[in-house]
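Numbering (the working numbering), first residue to last: 34 to 381.
So, in structure tokens, the structure goes:
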């Protein structure tokens, strides 16, 4: 019987991002964006069941078909992982996301300098967007860690599940997990607003109720950090507005124009040498001009403001990608699938 802890050790040693356990396949890890086999021996149903249930808490071991489990687990003397356990046609499966124990400094992520300003903001809404596996959690953890180190505030994180662990430094940091400490994001956010918060991290903004509460919280003197699973900084504005029914959208535009401070959209891409993944990003800073575009139903013009807003710290994803290509850090072939405006990329 294979020992799952040995596979965890390999993932950590290789600084891989994920481990997959599936019936009929060898264990697989994702390293620099590429799936690799850990050995040649396929796992049978019994092996997968034993390995997965061995590391689950007692109240989660009796998972049945039709159920899924999301949780964060600490493997003693190895690392922390975000876990999703589920069934497919062959039986029980699991995907483990490696969560580094050391939170990287914000300055070392490869983001524009303007993003560090978030750690000094006292109110408003800041969004980090991107597809799954684009490093959103890492960016937010670095921002929280900077605030925790430099301010004397009360920080509340609402996550599903808890990923990076924040110790109390200069701040009080309360981390709440959906399912374990609250029923839903909206319930946890409602409670958080009664707990004297300064900064609230909302791990997922997917439903109307949560987004509505986020907007109100950002307007009433709190710094709210949130995520959206999507590409593009300007598109995040439309995504939020479109979640609401038409008769509410005018009010939401006004609220968003007042409260939104910055959107960071990012993607992780494999380096030329294949040894790491590098971050490319688009950054929108909410200037007076962008606030007017949001109010005036002219969000289609926001991208032009980003393109011409380099003096305010803004950059397009195309510019970020081209900088990485010109520096020889990523190949043009890797960059091009993420390019939306080819002429802009070529002229950058």
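Backbone N, C-alpha and C fix where the C-beta goes; we use that ideal spot for every residue, glycine too.
Quiz prompt | Closest residue to residue 200 among 223, 175 and 224 (Cα-Cα distance) | solution = 175
Exercise. To the nearest angstrom, report how far apart residue 211 and residue 102 are at their CA atoms.
Key: 12 angstroms
Quiz prompt | Burial state of residue 135, where buried means 16 or more other Cβ atoms lie within 10 Å | solution = exposed
Quiz item: Do residue 355 and residue 378 come within 7 angstroms of each other at the CB atom, strictly closer than that value?
Solution: yes
Practice problem: Below 7 angstroms CB to CB, which residues in the same chain sit around residue 58 once its five sequence neighbours on both sides are set aside? | Solution: 75 and 76
Exercise. With a threshold of 16 other CB atoms inside 10 Å of the CB of residue 196, please say whether the residue is buried or exposed.
Key: buried
Exercise. Counting only runs of 4+ residues fully inside the segment 254 to 285, write out the alpha helix (DSSP H) ranges in chain order.
Key: 267 to 276
Quiz item: Between the beta-carbon of residue 158 and the beta-carbon of residue 296, is there less than 7 angstroms?
Solution: no
Practice problem: Return the chain-ordered list of same chain residues with a C-beta closer than 7 angstroms to the C-beta of residue 263, the five sequence neighbours on each side being excluded. | Solution: 162, 269 and 272
Quiz item: Would you call residue 72 buried or exposed, if buried means 16 or more other Cβ atoms sit within 10 Å of its Cβ?
Solution: exposed
Quiz item: Could you check where the beta strand (DSSP E) with residue 313 kicks off and where it finishes?
Solution: 310 to 318
Quiz prompt | Whole-number beta carbon distance between residue 339 and residue 290, since they are thought to touch under 8 angstroms | solution = The Cβ separation is near 16 angstroms, so there is no contact.
Practice problem: Please state whether DSSP places residue 439 in a helix, a strand or coil. | Solution: One cannot answer for residue 439 here, as it falls past the ends of the chain, which runs 34 to 381.
Self-check item: Enclosing beta strand (DSSP E) for residue 147 [first to last residue]
Solution: Per DSSP, residue 147 belongs to no beta strand (DSSP E) and is neither H nor E.
Quiz item: Run through DSSP, which three-state label would residue 236 get?
Solution: coil
Quiz item: Rounded to a whole number of angstroms, what is the C-alpha to C-alpha distance between residue 84 and residue 100?
Solution: 18 angstroms
Quiz item: Between the segment 218 to 226 and the segment 113 to 124, do at least 3 Cβ pairs fall closer than 8 angstroms?
Solution: no
Quiz item: What are the boundary residues of the beta strand (DSSP E) that residue 51 is part of?
Solution: 51 to 54
Self-check item: Beta bridge counterpart(s) of residue 124 as assigned by DSSP
Solution: 121
Exercise. Indicate whether the contact test is met: 3 or more Cβ pairs, each with one atom in the segment 229 to 240 and one in the segment 132 to 148, closer than 8 angstroms.
Key: no
Quiz item: If you draw a straight line from the C-alpha of residue 363 to the C-alpha of residue 62, how long is it?
Solution: 22 angstroms
Quiz item: Can you name the residues that DSSP bridges to residue 207?
Solution: 189
Quiz item: Using DSSP with H/G/I as helix, E/B as strand and the rest coil, what is residue 58?
Solution: coil
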